[in-house]
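J.: From first to last, the protein sequence lines are chains X and S. Mapping of the first sequence onto the UniProt record's numbering: position 301 corresponds to residue 301, and the numbering continues sequentially without gaps. Mapping of the second sequence onto the UniProt record's numbering: position 42 corresponds to residue 42, and the numbering continues sequentially without gaps.
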Amino acid sequence: MPIRIFSIPAADFQYALHCMDIGDLIAFSLCSNRTKNLVKSSSRKIDPISAQIDENTILLKIEPNLQFLLREDSFSIELHRGNGIEIWRKPGFTQRDFIAHFLSISRSSIIPELRVSNVCSIPYLDIVKKIIPKCDTLYISHNCSSELTIAAVLKLGALTRRVRVDNDPFNNTNHHISEFLTLNLDYLHLSTFASRFNLELSDLLIANSNNLSVDCATITERELNRFLKLWIKGNHTFYRLKMIELFQWEPMKSEDVLKGIKFQIMDHKRRLTRADGEELLVTVGPGVVVFEFLSPQDLSIQ
Amino acid sequence: MSSTEQGTSSAAPAEPTTAPESAAAPEVPESFYYVHGKDKVVHKVSAGALQHSALIHGMISNLGYTEEQAKANPFPFENIDGDILQMVVDWCNQHKGKPTPPEDTNLPKQKEKLFDLVLAVNYLEIKELLTYCCKQVAMMVKGKSPEEIREIWMIPTDAEDEAAEKEAKKRAGKEAAGETAAAAGDAK
Chain X
1 MPIRIFSIPA ADFQYALHCM DIGDLIAFSL CSNRTKNLVK SSSRKIDPIS
51 AQIDENTILL KIEPNLQFLL REDSFSIELH RGNGIEIWRK PGFTQRDFIA
101 HFLSISRSSI IPELRVSNVC SIPYLDIVKK IIPKCDTLYI SHNCSSELTI
151 AAVLKLGALT RRVRVDNDPF NNTNHHISEF LTLNLDYLHL STFASRFNLE
201 LSDLLIANSN NLSVDCATIT ERELNRFLKL WIKGNHTFYR LKMIELFQWE
251 PMKSEDVLKG IKFQIMDHKR RLTRADGEEL LVTVGPGVVV FEFLSPQDLS
301 IQ
Chain S
1 MSSTEQGTSS AAPAEPTTAP ESAAAPEVPE SFYYVHGKDK VVHKVSAGAL
51 QHSALIHGMI SNLGYTEEQA KANPFPFENI DGDILQMVVD WCNQHKGKPT
101 PPEDTNLPKQ KEKLFDLVLA VNYLEIKELL TYCCKQVAMM VKGKSPEEIR
151 EIWMIPTDAE DEAAEKEAKK RAGKEAAGET AAAAGDAK
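#1: Mind listing the chain X neighbours of V88 of chain S? Cutoff is C-beta to C-beta under 8 Å, in chain order.
#2: Taking the C-alpha atoms as reference points, what is the distance between D298 of chain X and R162 of chain X?
#3: Could you please give the first and the last residue of the uninterrupted beta strand (DSSP E) stretch that includes M266 of chain X?
#4: Within the same chain, show all residues whose beta-carbon is closer than 6 Å to that of D168 of chain X, passing over the 5 residues directly before and after it, in chain order.
#5: Out of S:S46, S:N62, S:K40 and S:E67, which one is the CA nearest neighbour of P76 of chain S?
#6: Is the CB of L130 of chain S under 8 Å away from at least one CB in chain X?
#7: Could you name the residues that DSSP lists as bridge partners for N198 of chain X?
#8: Using a Cβ-Cβ cut-off of 8 Å, state whether P90 of chain X counts as contacting chain S.
#9: Please report the residue range of the alpha helix (DSSP H) in which E179 of chain S lies.
#10: For H142 of chain X, does the three-state DSSP call read helix, strand or coil?
#11: Rounding to the nearest angstrom, what Cα-Cα distance links R271 of chain X and P133 of chain X in this structure?
#12: Let me know if A163 of chain S comes out buried or exposed under the rule of 16 or more other beta-carbons within 10 Å of its beta-carbon.
#13: Please go through the stretch 35–61 of chain X and give each complete alpha helix (DSSP H) segment of 4 or more residues, from N-terminal end onward.
#14: Closer than 7 Å, Cβ to Cβ, to anything on chain S: give me those residues from the stretch 22–41 of chain X, in chain order.
#15: If you run the structure through DSSP and keep just helix, strand and coil, what is R115 of chain X?
#16: Tell me, please, whether the CB atom of I56 of chain S is closer than 8 Å to any CB atom in chain X?
#17: How big is the Cα-Cα spacing for A11 of chain S and G82 of chain X?
#18: Could you list which residues in chain S have their beta carbon closer than 7 Å to that of M266 of chain X, in chain order?
#19: Could you have a look at E148 of chain S and say whether DSSP puts it in helix, strand or coil?
#20: Tell me the DSSP secondary structure of V290 of chain X in three-state form.
#21: Using DSSP's beta-bridge definition, name the partner residues of W88 of chain X.
#22: Determine the burial state of I126 of chain S: buried for a count of at least 16 other Cβ atoms within 10 Å of its Cβ, exposed for fewer.
#23: With a CB to CB cut of under 6 Å and the five nearest residues on each side skipped, what residues in its chain are close to A25 of chain S?
#24: Could you tell me the distance, in whole angstroms, from the CA atom of L57 of chain S to the CA atom of E151 of chain S?
#25: What residues in its chain sit with their C-beta under 6 Å from that of F28 of chain X, if we drop five residues either side in the sequence?
#26: Would you say R4 of chain X faces chain S, with C-beta separation under 8 Å as the test?
#27: Going along chain X in order, which residues have a C-beta closer than 8 Å to the C-beta of A181 of chain S?
#28: Kindly say whether A168 of chain S, judged by its beta-carbon, lies nearer than 8 Å to any beta-carbon of chain X.
#29: Please decide whether P64 of chain X counts as near chain S, where near means a Cβ-Cβ distance under 8 Å.
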């Protein structure tokens, strides 16, 4: 027997919304613009969706037991919520509209995580690019092939602020790490200890992310020393770098890294100051080298 | 322990047919009050049961009725259907003097009456029953798709909402114009 829900007193209706589970609340929000706004203005918090590319499908996760699969028809979504599968459609709604709706009711502007977690075809990445809006972090899992990893980072990197790669796509391929280093990101993390990333001075000089972190990097003290000297002289424009973090198997000698360079000791860090006021904090520890770049503006905030 | 009389439309209710609970009679005699809904059927309810309703409890406290006065002046709730008021009275009696558990299986489950029940309970300010009713309203759409929810809760489409909004604006405009014309007439 139907009831006219909007005739119920507002406070009671809000309490009814409060009693609904998240899947039902999302279904309700899709009924009309009015219901969407009611859900947005309610006190219920809906977690933002995370996206996962698994083979040639995109899975949107809200909660462990609440997942939407984007179907091939590009207009409907398949809901998995514990006890079976439902197909949802909304007249005039594409899958991109569904994603925008989910972000809207969770009061988010971007998808926090886009994960490429299994083998998918490289052409499918173009479809992903059309459907998925801005993301915070792109994760490429360890089981992706080198070709897929490189294609995913280059195609989807533009959608994201951060990229984390859990494999080494440059091992035994014609590709070079510089293809990733030139990307304009907030954070690039090459995160695998399964193989080593060989770095040279030229690689560090082209790094275009704010933060670069490489697990298992191989670089000599001499190259790092040359990098620091170039930075001191200021004859290379370091546009964006805020931090370089290199984890290494081989222990480094800090005296070789800082050879011929004036510095001050600050706690366990070495502070290098340039003529224009920029500062660089160097940490050479067992298995790790960290460069933190501080502009005069950063220093005034501190 | 409550009693119900059918078809009494006069102000003074007839004697209830069922006697109040006597097995566990309290030491101090319990006072009773009378309520009726749209159908004028008078329900005799103990003061203890009526304490669930903040509205009636407030009325009783303010009036200071004797039993005779209460019998002669049943509280009229003309905006509540008789069967809904019966449900409310039954619930109040069942939960007299004890708190409602979070999941109360003894509470009314009639979905077809749920909407009216929510309105009545909201009016009578029975917080615990209202909480349960709202949960029941939410349960009506559990596991349903947007289309099914739209049907169950009679949710208008965007087009219907827009049309209603336009209509309301039009009506408001007409009313404003009417008021202006009336004010101009008065000024003349």
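Built from N, CA and C at the ideal position, the CB exists for glycine as well.
T.: In brief:
#1: What V88 of chain S touches in chain X: nothing, since even the nearest Cβ is about 15 Å away.
#2: 21 Å
#3: Q264 to M266
#4: T192 and S195
#5: S:K40
#6: yes
#7: X:T218
#8: According to the sequence displayed, residue 90 of chain X carries Lys and not Pro. Yes, its Cβ sits closer than 8 Å to a Cβ of chain S.
#9: D158 to A187
#10: coil
#11: 41 Å
#12: exposed
#13: none
#14: D24, A27, F28, L30, C31, S32, N33, R34 and T35
#15: strand
#16: no
#17: For A11 of chain S, the predicted structure reports a pLDDT of 33, less than 50, and the residue's modelled location is therefore unreliable. The matter cannot be settled from this model.
#18: Here the premise fails: no neighbours, minimum Cβ distance about 58 Å.
#19: helix
#20: strand
#21: X:I77
#22: buried
#23: For A25 of chain S, the pLDDT reaches just 49, beneath the cut-off of 50, and the residue's location in the model is therefore unreliable, although a value from the coordinates is still provided. Excluding positions up to five away in sequence, the list is empty.
#24: It is worth fixing the name first, because residue 57 of chain S is His in this sequence and not Leu. In a straight line, the C-alpha of H57 of chain S is about 38 Å away from that of E151 of chain S.
#25: T35
#26: yes
#27: Within 8 Å Cβ-Cβ: nothing; A181 of chain S doesn't reach chain X, min ~33 Å.
#28: no
#29: no
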